[in-house]
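Residue numbers (our numbering): 68 to 268. Just so it is clear, CB atoms sit at the ideal spot from N, CA and C, and this is done for glycine as well. Predicted, not measured: the structure shown is a model, and the values here were computed from it. Report on the structure given below.
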């Protein structure tokens with residue numbers, strides 16, 4: 068979605084001639100830099116490192132694979148989403164809802180998850196998101212754009228996740244994560260490098 072190879076992405080900020088409504092996975096990456104906020108090395112690498120350092124038995128997949136095989140989550144005890152897991156089709160979201168109903172664990176390690184409703188074309192190789200509230204262009208096939216759009220999908224992400232995305236803290240980075248001393252006893256914070264807040268903080 069953020070890849071602007073060829074001059075366009077699904078975002079206006081890096082699409083000088085206007086943002087695209089469809090982007091292909093069959094393109095090289097224009098921004099292969101470790102400091103990019105949405106690049107694997109900046110986000111998902113930390114989650115993978117933590118899982119492997121703690122000896123968890125894990126299987127890896129691209130989240131878009133859930134669009135082709137939504138039942139795969141039922142073969143596992145849980146699902147861990149990397150940071151900024153924003154784009155979900157109906158089928159992908161249904162896969163999470165079915166996994167939750169089957170008492171599988173769902174863990175989202177970042178914000179802005181399941182925020183944009185998308186669809187796929189060309190056997191899953193083209194990501195489609197008209198972002199109608201922003202672009203005022205209506206998807207001719209089915210509504211695409213924020214899941215919370217009352218004129219579109221009208222299924223806010225907090226119905227699935229229990230939390231909503233409220234925006235980025237720009238300029239200056241991200242909202243801080245504060246972990247109390249009591250919460251810090253939970254093994255999830257092991258090998259994270261987070262400073263646990265003292266009591267009363």
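Check: Nonlocal neighbours in the same chain, by C-beta distance under 7 angstroms from residue 149, ignoring five residues either side; Outcome: 110, 111, 114, 176, 177
Check: Stretch pair the region 176-192 + the region 137-153: three plus CB contacts closer than 8 angstroms; Outcome: yes
Check: Reference residue 187, options 147, 203, 156, 217, closest by Cα; Outcome: 156
Check: Beta-bridge partners of residue 232, as assigned by DSSP; Outcome: Paired residue(s): none; residue 232 is not in a bridge.
Check: Residue 219 versus residue 131: straight-line alpha-carbon distance, rounded; Outcome: 21 angstroms
Check: Nearest candidate by alpha-carbon position, reference residue 214, set 165, 170, 159, 166; Outcome: 159
Check: Identity of the residue in 181, 185, 146 nearest residue 166 by Cα; Outcome: 146
Check: Boundaries of the alpha helix (DSSP H) in which residue 161 is found, first to last residue; Outcome: 157-168
Check: Beta-carbon proximity of residue 70 to residue 192, cut-off 8 angstroms; Outcome: no
Check: Beta-carbon proximity of residue 125 to residue 118, cut-off 8 angstroms; Outcome: yes
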